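Residue numbers (our numbering): 1 to 573.
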């Protein structure tokens, strides 16, 4: 189809020259009418071919971009926690949106123009040499100038557009962070400071785009100027050949130039071909500019796709069978950053169905312990075992299917309340969903929502209060029916009344399940079967509440800080 489009685009100039020499000069109206119909017919075929070519390439291009965007999203799902902690969210969003769109423009339209323009160039050059060899040679003498200009600009344009992509990503990261933290911004009246920082990023982005625009704005007219020079050469030598004729031009400047004899129609056709000769060059220049943008974007996209997740299933990893819930940490040491250890020789055992509480100052390593349990990270030393299975020897999917995490920063997805409760078990029925909410104590408030369980919670559960979001997350965990449950500061963000509701449901939620509880509110861990007290990545105390109070160590000091109203002889229970 590209060949048909290019071929039909080459015929009209020839027909125009034929009309001048054969029909207009002879006053042949009938022949002129037939030629005019042929001219229109050629353009009709050209239009149909162009439509089909453009549509087909757009379809192929969009399918390719669809696959790239899908692969990128799927890769995001596989990457480890650490990757996302090291990179701004806005940058990652920019890669999947604006960078993919930049690539889309080249794949959907740029590539087809490259093939079409190259065929058109080849066809025009061939016809020009058929019409007049020496005049054609004069026409292409300016091509080396085009090559020189393109070479000079190529490296500078590439650098400029790579800088543009970086500035766009930085600005997107700033915007995402500002929107996510708008409540904090407004509460601390930091709008002016945020505006100043955004203005700085926006200005840098503007300057980067203007540098690229300056180069492109200089590049295209330069090519046009060179093309005009080539056209002027044809007008001068070709025009002389037409005026003087072959016999009269013998020994003249035109003959010396080797232009040979030309009719008026041939000169018109030749000039049209020369003009069209530079159009594909201009198109290729535009595609080249587009390619620079796409190349810079592709470097970023494939840089992510080539990143290997830090946590992958081992070769031959087995499916973790249904577990009882025995958990053993065997001399575990761990570090997020090489050389900065956050856990040192952690060693403990939790029996099936037991409640383990992890307490200690901020940064003591509590969350790091549960991150290793779900194999979101791997320890540098030691092993984590569930029912005797090293978590590194089983598939991540089979491991995490038997766990549920309820975090302090509850995340609800856009959708209905019911869809969020079913998130960990999509096949659950509505009745099961309601029963889970009823068990947790969330049913009453859900029932009073405008559409009950079908109420849209909006992004991050924005329609619900903090306490309501937390109750929904508890119901989500209960419905998933995990064998191991992790509660990471799960009640720290709720009010006292909601905490009482959650505590009442906690016994039913935890019944028969191994539970890891991280809490700053030590009142919530007094009934734990085992309490581990951590400090600077080490277990400094372990035991039940009464024993640790009697010990008079770090646990007692933390407990007394929270209950200053208690008498000096603080009761053990």
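From the three backbone atoms N, C-alpha and C, an ideal C-beta is built for every residue, glycine too. Since the structure is predicted, the reported quantities are computational estimates derived from the model, not experimental observations.
Quick one: what does DSSP say residue i is sitting in, helix, strand or coil?
i: residue 217; result: helix
i: residue 43; result: helix
i: residue 327; result: strand
i: residue 196; result: helix
i: residue 566; result: For residue 566, the predicted model reports a pLDDT of 44, less than 50, meaning its position is unreliable; a value from the coordinates is still stated below. In the structure shown, residue 566 sits in coil (DSSP, three-state: anything other than H, G, I, E or B).
i: residue 9; result: helix
i: residue 318; result: strand
i: residue 66; result: helix
i: residue 456; result: strand
i: residue 97; result: helix
i: residue 598; result: No answer is possible for residue 598: the residues shown for the chain start at 1 and end at 573.
i: residue 178; result: helix
i: residue 511; result: coil
i: residue 107; result: helix
i: residue 205; result: helix
i: residue 231; result: helix
i: residue 71; result: helix
i: residue 132; result: coil
i: residue 30; result: helix
i: residue 80; result: coil
Report the CB separation of residue i from residue j in whole angstroms; it is logged as a contact under 8 Å.
i: residue 23; j: residue 32; result: 4 Å
i: residue 68; j: residue 103; result: 7 Å
i: residue 516; j: residue 80; result: That pair is no contact at about 20 Å.
i: residue 539; j: residue 532; result: 5 Å
i: residue 91; j: residue 173; result: 5 Å
i: residue 420; j: residue 472; result: 6 Å
i: residue 625; j: residue 215; result: Residue 625 lies beyond the residue range present for the chain, which begins at 1 and ends at 573; the question has no answer from this structure.
i: residue 522; j: residue 487; result: Going by Cβ atoms, the distance from residue 522 to residue 487 rounds to 14 Å, so no, they are not a contact pair.
Taking its Cβ as the centre, do 16 or more other Cβ atoms sit within 10 Å of residue i, making it buried, or is it exposed?
i: residue 450; result: exposed
i: residue 117; result: buried
i: residue 574; result: Because the chain is modelled from 1 through 573, residue 574 falls outside the range shown and cannot be assessed.
i: residue 422; result: buried
i: residue 266; result: buried
i: residue 366; result: buried
i: residue 433; result: buried
i: residue 255; result: Annotation note: pLDDT 41 at residue 255 (below 50); position unreliable, coordinate value reported separately. Residue 255 should be labelled buried.
i: residue 13; result: buried
i: residue 210; result: exposed
i: residue 219; result: buried
i: residue 294; result: buried
i: residue 303; result: exposed
i: residue 9; result: buried
i: residue 278; result: buried
i: residue 287; result: buried
i: residue 418; result: buried
i: residue 250; result: Legend: pLDDT at residue 250 = 40, less than 50; position of this residue unreliable, value from coordinates given subsequently. It counts as exposed.
i: residue 126; result: exposed
i: residue 132; result: buried
i: residue 462; result: exposed
How far does the beta strand (DSSP E) with residue i in it reach, from first residue to last?
i: residue 543; result: 538-543
i: residue 624; result: With the chain represented from 1 up to 573, any question about residue 624 goes unanswered, as that position is not in the structure.
With respect to the alpha helix (DSSP H) encompassing residue i, which residues constitute its N-terminal and C-terminal limits?
i: residue 531; result: Counting along the chain, residue 531 falls outside any alpha helix (DSSP H), though it belongs to the beta strand (DSSP E) covering 530-535.
i: residue 89; result: 89-94
i: residue 445; result: 443-447
i: residue 421; result: 417-421
If you scan the segment 459-497 from start to end, which runs of the beta strand (DSSP E) of 3 or more residues do you find wholly inside it? Within the segment 459-497, the complete beta strand (DSSP E) runs of at least 3 residues fall at 484-488.
Going residue by residue through the segment 322-408, where are the continuous beta strand (DSSP E) segments of at least 3 residues, counting only ones entirely within it? 327-337, 340-350, 355-359, 381-386 and 403-407
Please go through the segment 138-168 and give each complete alpha helix (DSSP H) segment of 4 or more residues, from N-terminal end onward. none
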